[in-house]
Amino acid sequence: MNENEEAERTFKTAWFNKAARKARITDDELCEAIHALRKGQADDLGGGVFKKRLDKNRHRSIILAKGGRCWVYAYLFPKKDRANIDDSELRAFRDLADIYARKTDDQIARELEARELVEICR
Numbered sequence: 125m126n127e128n129e130e131a132e133r134t135f136k137t138a139w140f141n142k143a144a145r146k147a148r149i150t151d152d153e154l155c156e157a158i159h160a161l162r163k164g165q166a167d168d169l170g171g172g173v174f175k176k177r178l179d180k181n182r183h184r185s186i187i188l189a190k191g192g193r194c195w196v197y198a199y200l201f202p203k204k205d206r207a208n209i210d211d212s213e214l215r216a217f218r219d220l221a222d223i224y225a226r227k228t229d230d231q232i233a234r235e236l237e238a239r240e241l242v243e244i245c246r
């Protein structure tokens with residue numbers, strides 16, 4: 125693991141955690157998906173928002189990048205229910221990515237303590 129990868133952290137929101145558990149998507153699969161995303165194997169929707177296929181292509185995840193320091197799984201949806209997010213959702217996720225980019229390590233620690241975020245892949 126290089127120094128840059130060591131500094132990167134991966135989280136999932138409390139909402140995503142519940143949705144992934146219901147869909148039976150494991151943290152190991154989420155971590156593998158992050159490694160693939162780092163290699164460019166995801167759809168870059170711009171503004172720090174990425175779409176990544178999960179669960180043998182049955183689900184799509186929306187992942188937010190926080191200033192190159194961490195990744196946040198924010199949204200999960202079954203491919204059979206919808207093809208993509210709409211423009212207004214994309215704008216909202218870009219705004220959320222900006223918010224995460226400004227969060228301090230202390231703010232992240234408080235969210236972890238409050239269980240608003242769950243850390244994985246570390």
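Numbering (the working numbering) for the sequence shown: 125 to 246. Positions of the beta carbon are idealized from the N, C-alpha and C atoms, including for glycine.
Take residue i and list the residues in its own chain whose beta-carbon comes closer than 7 Å to its own, dropping the five residues that flank it on each side.
i           : result
residue 229 : none
residue 147 : 179, 183, 200
residue 168 : 174
Look at residue i and residue j and say whether their C-beta atoms are less than 8 Å apart.
i           : j           : result
residue 220 : residue 241 : no
residue 163 : residue 181 : no
residue 138 : residue 234 : no
residue 198 : residue 140 : yes
residue 132 : residue 193 : yes
Cutting at 6 Å between CB atoms, please list the residues of its own chain near residue i, excluding the five before and the five after it.
i           : result
residue 134 : 158, 195, 244, 245
residue 218 : 171, 173
residue 166 : 174, 176
residue 143 : 200
residue 206 : none
For residue i, which residues from the same chain have a beta carbon less than 8 Å from its beta carbon, with the 5 sequence-adjacent residues on both sides left out?
i           : result
residue 190 : 172, 196, 221, 224, 225, 227
residue 161 : 174, 176, 187, 195
residue 126 : Confidence at residue 126 is low in this model, with a pLDDT of 44, below 50, so its placement is unreliable and no value can be given for it.
Could you please give me the residues that DSSP links to residue i through a beta bridge?
i           : result
residue 170 : 173
residue 241 : 137
Can you tell me whether residue i sits near the ligand SAM, meaning its C-beta is under 7 Å from at least one heavy atom of the ligand?
i           : result
residue 209 : As far as ligands go, the structure on display features none, and thus does not contain the ligand SAM.
(request) Indicate whether the contact test is met: 3 or more Cβ pairs, each with one atom in the segment 142–160 and one in the segment 210–219, closer than 8 Å. (result) With a cut-off of 8 Å, the segment 210–219 and the segment 142–160 do not count as touching, because too few Cβ pairs lie within range.
(request) Output the residue ranges of the alpha helix (DSSP H) runs that lie fully inside the segment 178–235 and measure 4 residues or longer, sorted by chain position. (result) DSSP runs (the alpha helix (DSSP H)) wholly in the segment 178–235: 211–226.
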